Structures are given as C-alpha cells and as structure tokens.
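Student: The sequence shown runs 2 to 227 under the numbering used here.
By construction, the Cβ of each residue, glycine as well, lies at the ideal position given by its N, Cα and C atoms.
Note that the structure is predicted; figures quoted are calculated from it, not measured.
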Amino acid sequence: MLKYWFLSFNRLTFGRSARISYAFTGEDRLIESILKPKITKTGFYVEVGCNHPTFISNSFLFYRRGWKGICVDANENLIHKYKYLRPRDKAICSFVSNISKPIEFIELTNNVLSSIDKNYIEKCLKEGQKIVSKKNIQPRSLTEILDEQSCPLIFDFLSVDVEEHDYEALSSLDFDKYTPLLIVVEAEDFNPNQPEKHQIYQLLTNKGYQLNGYILTNLYFTKLLP
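(1) Just the Cα atoms here: how many angstroms apart are Tyr168 and Lys42?
(2) Using a threshold of 7 Å, state whether the C-beta atoms of Cys72 and Tyr64 are closer than that.
(3) Taking the straight line between their C-alpha atoms, what separation do you get for Lys127 and Pro38?
(4) Do you know offhand how far Leu182's Cα is from Tyr210's?
(5) Using 10 angstroms around the beta-carbon of Leu174, count the other beta-carbons present and answer buried if the total reaches 16, otherwise exposed.
(6) Just to confirm before moving on: does the CB-CB distance between Tyr202 and Pro196 stay below 7 Å?
(7) To the nearest angstrom, how far is the alpha carbon of Leu31 from that of Asn219?
(8) Where does the unbroken alpha helix (DSSP H) through Glu28 begin, and where does it stop?
(9) Pull the bridge partners of Phe158 from the DSSP assignment, please.
(10) Have a look at Asn207, Ser172, Phe156 and Ile155 and flag the residue whose alpha-carbon is nearest the alpha-carbon of Val163.
(11) In terms of alpha-carbon separation, which member of Glu28, Ile57 and Ser142 lies closest to Leu217?
(12) So, does the stretch 184 to 193 touch the stretch 74 to 81, judging by three or more C-beta pairs under 8 Å?
(13) Starting from Ile146, follow the alpha helix (DSSP H) in both directions and report where the run begins and ends.
(14) Should Thr26 be labelled buried (16 or more other beta-carbon atoms within 10 Å of its own) or exposed?
(15) Whole angstroms are fine: how far does the CA of Gly129 sit from the CA of Asp177?
(16) Quick check: what's the CA-CA separation for Phe106 versus Asn52?
(17) With distance defined between alpha-carbon atoms, name the residue in Asn213, Asp74 and Ile146 nearest to His166.
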C-alpha cells in the first residue's frame, strides 16, 4: 500500500518546489498528484461536507482551473457563500446520510467541527468549543442529490468529510450508478496496519476501489477500472 505523508498545512510552503494548497493538510495537491495523468479542463468533483468555498477546501484548487461540481454542506451560511464565490458550482444545503429519520445537526464555534455525533460534540465542548446552533434536519442520500443535480455518472473525484459520519454518507451512494474515479474520505480511527478491519475500507474495496494512500486522517481510494 502506498502511504503519503505530508508535513505542510493549509497554504504553508516549504522550499522552492512547494506549491500553494487551499486544503487543510494538502489534500488538493495529493488529489492532483493521483489524478494528474487524467486531469482535464472539464473535470467534475463532488464535495460532501464542503465547508467554506475557498478556505480549507479540497475542491477550490480545481475550481480555479475551470472545473465545476456539486458541493454539499448542512451549514446554510457557508452554502450561501458558494452562490457568489463559486457560481459555477451547484451548492446544496443538506446533510448526507443513509439514515432516513430527522436528525439534530449541531453547529460549533469552529464550524468545521459541526456534527450530528453527540459523543464527538461532547469531546469538542471539552476542548473549548461552544454550541452556536442546533437544528433538526432531514438527511438525504448522496444518490438522491446527485440525481437531482444531473451529476455525471462517472466523475473525477468525491471528497467526504462529515465529522464522524463519513461511512454513513458514503453508504448512501449507489456505486452501481455513480463512479467517482477517486474518493477522499476522512477516517480518524483508521489503523494502517489493519486496513481490512475498517468499515470504510471494507465498503470501498467491495465496490471495486483500491486504497492508494493516506495522510493523517484521510484515505485515498482509486477505482479499479477494467
């Protein structure tokens, strides 16, 4: 298994060869590296848990290169920013999950950490975060959103970062219908020495993906095409 270790954080550069990243830990540059042989000017991405349109964004680098895509987040204020900062994108205010019943979404002072996971929220509160708002929302499957927005059946990459609900979000995609060539997903409890025990690894390898790398808490899977 190829392991990627990056020591650079958002917009921090080291040495002459370093390049600007708009993502939190250089995810966009790693995506670029993996996709480089296939990168085109008409690329398409889907970012679930997209947060801010230009800051700590996995897709903004590609938007600047002329790409477009579908960006989904449960924070209405952040989605509103997409309307004027990234008008080519389709920005959707929703929470993606395989759960069908309404859930409570809790927004924290640092909106990147907002979540529906109560244990995760409690941990964040102990670390100094404050609750900004709570709202009951009806989750939607990723398949439903992609259908509604006329997403290409095959597209360049899918990024998923929904704070302790990543497996459920991924599980809501119909992989028989949609094929992202690269999937970047957060998995804080991933053990690289025992990848086969992680539920996200199990899900995606069963769907024909190969783990190509990881960095900190992110896994990078590529589709094994015939």
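Tutor: Reading off the structure:
(1) Position 167 of the sequence shown, counting from 1, holds the residue named residue 168. Position 41 of the sequence shown, counting from 1, holds the residue named residue 42. About 30 Å.
(2) Here residue 72 is taken as the residue at index 71 of the sequence shown, counted from 1. Here residue 64 is taken as the residue at index 63 of the sequence shown, counted from 1. With contacts defined as CB atoms closer than 7 Å, Cys72 and Tyr64 fail to qualify as a contacting pair.
(3) As a first step, residue 127 is located in the sequence shown; it is residue number 126 there, counting from the start. As a first step, residue 38 is located in the sequence shown; it is residue number 37 there, counting from the start. One C-alpha to the other measures close to 45 Å.
(4) On the sequence shown, residue 182 is found 181 positions in, with the first residue counted as 1. On the sequence shown, residue 210 is found 209 positions in, with the first residue counted as 1. Note on geometry: alpha-carbon atoms of Leu182 and Tyr210 lie some 9 Å from one another.
(5) What you label residue 174 is simply residue 173 of the sequence shown in a count that begins at 1. By the neighbour-count criterion, in which 16 or more other beta carbons inside 10 Å mark a residue as buried, Leu174 falls on the buried side.
(6) Taking the sequence shown and counting its residues from 1, one reaches residue 202 at position 201. Taking the sequence shown and counting its residues from 1, one reaches residue 196 at position 195. Contact: yes.
(7) Counting from 1 along the sequence shown, the entry for residue 31 is found at position 30. Counting from 1 along the sequence shown, the entry for residue 219 is found at position 218. If you take the alpha carbons of Leu31 and Asn219, they lie about 11 Å apart.
(8) Taking the sequence shown and counting its residues from 1, the one referred to as residue 28 is at position 27. From DSSP, the alpha helix (DSSP H) with Glu28 extends over Glu28 to Leu36.
(9) Numbered from its first residue, the sequence shown carries residue 158 at position 157. According to DSSP, Phe158 bridges with Tyr46 and Leu183.
(10) Start at 1 with the first residue of the sequence shown, and residue 163 comes out as number 162. Nearest of Asn207, Ser172, Phe156 and Ile155 to Val163, Cα basis: Ser172.
(11) Residue 217 sits at position 216 when you count from the first residue of the sequence shown. With distances taken between Cα atoms, Leu217 lies closest to Glu28.
(12) As far as the Cβ criterion goes, the stretch 184 to 193 does not touch the stretch 74 to 81, which means the pair count is below three.
(13) Along the sequence shown, read from residue 1 onward, the residue named residue 146 stands at position 145. Where Ile146 is concerned, the enclosing alpha helix (DSSP H) stretches over Leu143 to Glu149.
(14) Residue numbering aside, residue 26 sits at position 25 when the sequence shown is read from its first letter. Thr26 counts as buried, since at least 16 other C-beta atoms from the protein chains shown sit within 10 angstroms of its C-beta.
(15) Within the sequence shown, residue 177 is the residue found at index 176, counting from 1. Within the sequence shown, residue 129 is the residue found at index 128, counting from 1. Going by the C-alpha atoms only, they are around 43 Å apart.
(16) As a first step, residue 106 is located in the sequence shown; it is residue number 105 there, counting from the start. As a first step, residue 52 is located in the sequence shown; it is residue number 51 there, counting from the start. About 14 Å.
(17) The residue given as residue 166 occupies position 165 in the sequence shown. If we check each option's Cα against that of His166, Asp74 comes out closest.
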